[in-house]
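Working notes, structure below.
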Amino acid sequence: ALPHMKQSHSTDWSSTSTDVEDFVPKPLSEREIIAMFEKMMEDMNLNEDKKMPLREKDFNTKKEMVMQYISTASKSGSLKNSRKISPQEFIQELKSGSTDERLVTCLESLRVSLTSNPVSWVENFGREGLGLLLDVLERLVETKHQDKAVKRSQHKVIQCLRAFMNNKYGLERILGEERSLLLLIKAIDPKQTNMMTDIVKLLSAMCIVGEESILEKILEAITAAAEERNVERFSPIVEGLQDNSVQLQVACMQLINALVTSPDDLDFRLHIRNEFIRSGLKEILPQLKCIKNEALDIQLKVFNEHKEEDMIEFSHRLEDIRSELEYPFDIVNDVYNMVWNTVKDTSAEGYFLSILQHLLLIRNDYFIRPQYFKLIEECVSQIVLHRSGTDPDFTYRKRLDINFSHLVDICVDKARLEECEERASELSRKFEKDFVAHQETQALLQKKEERINELEAELQAFKSQSGDASVIPLDAAEPHQFPPPPPPLPSNGAIPPPPPPPPPPPLLLNGLGIPSGIGAPPPPPLPPGLPGAQWSPPSCTLPFGLKPKKEFRPEVTMKRLNWSKIRPQEMTESCFWVKAEEDKYENADMLCKLELTFCCQKRGKVHTLIDVFWLKDKSGFENFFNPHKLVVTSMSFDISLSFFSFQSLWKSKLCKYFLCFLLFWKLVVLLVITTLFIPYIKCLLLLLDNF
């Protein structure tokens, strides 16, 4: 394919073989080994991060690596092949101005050599060959008749440049050439899918790996190429996204992300992104999301995430402005002065003045004026913040046909509704406060009612106890009667004072010296102001259709269980007592059993002399002198004594003598029991000791 290159090879073969012999391992000095070691790392295209650990190795390791590198290069023939077609031969071929198939063959061989040879070979070629490659590319790009051969040659040149850039030296040389970026961008053709893919990947790598100034150079080259073609500068890249090649779509999205995310300035990033979207990216993004490709999904995710981050940062800028320039009048003047200085002596000055003039035409109405400004503020915020990530279509010159009067009417109605809702919420809060106070009052009233019921139960129990204590057999000759029960409570709730106790009768119980006609004491007075028995709680409507429960009144006083009443107002619709029908369980036998099981004792607590003597019951000694039944228990007899109402009688000397008599018999019984059981106790203790 390259006749003169083969001829040159045949004429220079002797020199090539001589050069190969120079790489045969020979004794080298330490300085030569270090220099060869650095050259070896350059040929291996290692960056500085990978060179540092190799440089820290000892001298013997470096020497072994250099000798192995020279030996491997000699045996593999790479040195011989590199001499076979030298950089100078490729340079001569490029200078000859060959075209068509011969140029394609030369460029293909050059691509292979740039890929397989060490960096030193690339450096030798790059001193003069890079400029020749760019000349060839410029000549092909400027060709008016772009046939398949020309496009194929362009693609081969792009591949050679890509192989040349695959190292630090090549990248620096490409970026150092001013026309390289412009020629690469001019070669972009959405119709040539493979070539455009390689070019876009090269530009993306330059944006990511290059310095900060590289982005500016690339944008300048894109702008210059677009002006020359008289098209929007990002339209060729957006057209590449419409191609069916997924690789080209991924490469184009990668370049878009590189151009959008590289700038540090927020306004610059928003400007580039909005320009891409105005060029047609907004319509293409939904189609790209439907393509199932992992690499493409990653690029789309990066684009959306950076767009959201920029919009958040842009919104924070508005918050910063509002925090720095708050409402006071002097701050309002500062804001106006800042805006005026921004638009003064520019083409925007007339539009700003027109906006202010239109604001003066807003009707002076209490409801309408705020709604006008609210609507204008919303429109301005949506235009400026452009939440979709796009700038408005500035080429649109038609008048906006929007019925703003209808919107204003809606806003006015909404404002009035909000005012009514605010008043309603205020009334609702007041109602809730009053309702809580009402509930607290109801709870307090319920507690008072429960206390009243407890006192009535105690009164009933006291009456029953008094009646039991008064039923004592009396002498037939004694005409004395018990005092009548207290009169019924009046309807107004006031309790009359108890009548004075009658004087004690002279008669005594048979043989015991105790008065026999003592009446029961009257009940103690209740607290003043206690509601009467005729008072009834106020009626209230039961919720959820709950019917009033039938009240069962037992004939005896029942024990009060430790539970709390459930107020109907606190019940829910799913409460058990709403659905329960306890009337069907009503049974006379069951009610009798309940009365027998849970009734209160009619008699007071029975205290024994043993309890009193040993003080087992702390209240026993005090209650001993109360009108309760006293039982004396011994081995073979029970003595039942009934003491009656008048406490002064029990504290008399006669009563004390009687108690001493009972205590004496108790002690006698205890001594007898102790004397009888002492021998048995001793025997039991001896058995325990022996055991």
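In our numbering, the protein residues as written are -12 to 678. For each residue, glycine too, the CB sits at the ideal point set by N, CA and C.
Closest Cα partner of residue i within the set the options
{"i": "residue 301", "options": "272, 258, 41", "result": "258"}
{"i": "residue 294", "options": "673, 559, 243, 365", "result": "243"}
{"i": "residue 25", "options": "16, 15, 42, 36", "result": "42"}
{"i": "residue 55", "options": "74, 654, 79, 23", "result": "23"}
{"i": "residue 263", "options": "371, 119, 206", "result": "206"}
{"i": "residue 550", "options": "272, 437, 556, 453", "result": "437"}
{"i": "residue 249", "options": "231, 194, 162, 288", "result": "194"}
{"i": "residue 530", "options": "542, 548, 553", "result": "553"}
{"i": "residue 96", "options": "179, 214, 77", "result": "77"}
{"i": "residue 289", "options": "304, 303, 119, 272", "result": "272"}
{"i": "residue 179", "options": "226, 218, 107", "result": "226"}
{"i": "residue 587", "options": "651, 137, 444", "result": "444"}
{"i": "residue 72", "options": "88, 121, 371, 99", "result": "99"}
{"i": "residue 557", "options": "213, 533, 440, 358", "result": "533"}
N- and C-terminal bounds of the alpha helix (DSSP H) containing residue i
{"i": "residue 564", "result": "563 to 566"}
{"i": "residue 180", "result": "180 to 196"}
{"i": "residue 150", "result": "135 to 151"}
{"i": "residue 550", "result": "Looking at the DSSP string, residue 550 is not in any alpha helix (DSSP H), and its letter there is neither H nor E."}
{"i": "residue 242", "result": "233 to 248"}
{"i": "residue 125", "result": "106 to 128"}
{"i": "residue 543", "result": "Counting along the chain, residue 543 falls outside any alpha helix (DSSP H), and DSSP gives it neither H nor E."}
{"i": "residue 75", "result": "74 to 82"}
{"i": "residue 42", "result": "35 to 42"}
{"i": "residue 352", "result": "Element bounds for residue 352: n/a, residue is neither H nor E."}
{"i": "residue 277", "result": "Taken as a continuous stretch (DSSP letters only), residue 277 belongs to no alpha helix (DSSP H), as it is neither H nor E."}
{"i": "residue 584", "result": "575 to 585"}
{"i": "residue 22", "result": "17 to 30"}
{"i": "residue 218", "result": "Premise fails: residue 218 is in no alpha helix (DSSP H) and is neither H nor E."}
{"i": "residue 346", "result": "336 to 346"}
{"i": "residue 157", "result": "155 to 163"}
{"i": "residue 132", "result": "Premise fails: residue 132 is in no alpha helix (DSSP H) and is neither H nor E."}
Cβ distance (whole Å) where residue i is taken to contact residue j below 8 Å
{"i": "residue 168", "j": "residue 208", "result": "4 Å"}
{"i": "residue 411", "j": "residue 544", "result": "Residue 411 to residue 544, Cβ: 53 Å. No contact."}
{"i": "residue 109", "j": "residue 156", "result": "7 Å"}
{"i": "residue 160", "j": "residue 117", "result": "6 Å"}
{"i": "residue 354", "j": "residue 402", "result": "6 Å"}
{"i": "residue 201", "j": "residue 162", "result": "6 Å"}
Where residue i falls, given that 16 or more other Cβ within 10 Å makes a residue buried
{"i": "residue 665", "result": "exposed"}
{"i": "residue 131", "result": "exposed"}
{"i": "residue 146", "result": "buried"}
{"i": "residue 127", "result": "buried"}
{"i": "residue 385", "result": "Confidence is the limiting factor: at residue 385 the pLDDT is only 49, short of 50, which leaves the residue's position unreliable, though a coordinate-based value still follows. With fewer than 16 Cβ atoms within 10 Å of its Cβ, residue 385 is classed as exposed."}
{"i": "residue 93", "result": "buried"}
{"i": "residue 190", "result": "buried"}
{"i": "residue 525", "result": "Its pLDDT being 49, under 50, residue 525 is placed unreliably in this model, and the value from its coordinates should be taken loosely. Classification of residue 525: exposed, given that the 10 Å Cβ count is below 16."}
{"i": "residue 27", "result": "buried"}
{"i": "residue 400", "result": "exposed"}
{"i": "residue 216", "result": "exposed"}
{"i": "residue 182", "result": "buried"}
{"i": "residue 310", "result": "exposed"}
{"i": "residue 104", "result": "buried"}
{"i": "residue 30", "result": "buried"}
{"i": "residue 667", "result": "exposed"}
{"i": "residue 49", "result": "buried"}
{"i": "residue 541", "result": "exposed"}
{"i": "residue 152", "result": "buried"}
{"i": "residue 299", "result": "exposed"}
{"i": "residue 452", "result": "buried"}
{"i": "residue 548", "result": "exposed"}
{"i": "residue 154", "result": "buried"}
{"i": "residue 184", "result": "buried"}
{"i": "residue 631", "result": "Here the model assigns residue 631 a pLDDT of 39, short of 50, so the residue's position is not dependable and the matter cannot be decided."}
{"i": "residue 186", "result": "buried"}
Cβ of residue i within 7 Å of any chain B Cβ
{"i": "residue 544", "result": "In summary, chain B is missing from the structure at hand, where a single protein chain is found."}
Near the ligand GDP: residue i beta-carbon under 6 Å from a heavy atom
{"i": "residue 450", "result": "In the structure shown, the ligand GDP is absent, as is every other ligand, since no ligand is present at all."}
Answer yes if the region 254 to 263 comes into contact with the region 231 to 241, meaning at least three C-beta pairs across the two stretches below 8 Å, and no otherwise.
A contact is defined here as three or more CB-CB pairs under 8 Å, and the region 231 to 241 fails this definition with respect to the region 254 to 263.
Checklist entry - How about the region 273 to 287 and the region 210 to 223: do they share at least three Cβ pairs that are nearer than 8 Å? => result Contact between the region 273 to 287 and the region 210 to 223 is not established, with fewer than three Cβ pairs separated by less than 8 Å.
**Q.** Cβ pair count under 8 Å reaching 3, the region 83 to 96 against the region 39 to 55
**A.** As far as the Cβ criterion goes, the region 83 to 96 does not touch the region 39 to 55, which means the pair count is below three.
Taking contact to mean 3 or more Cβ pairs, one atom from each stretch, closer than 8 Å, check whether the region 169 to 181 and the region 134 to 146 are in contact. Cβ pair count under 8 Å is three or more, so yes.
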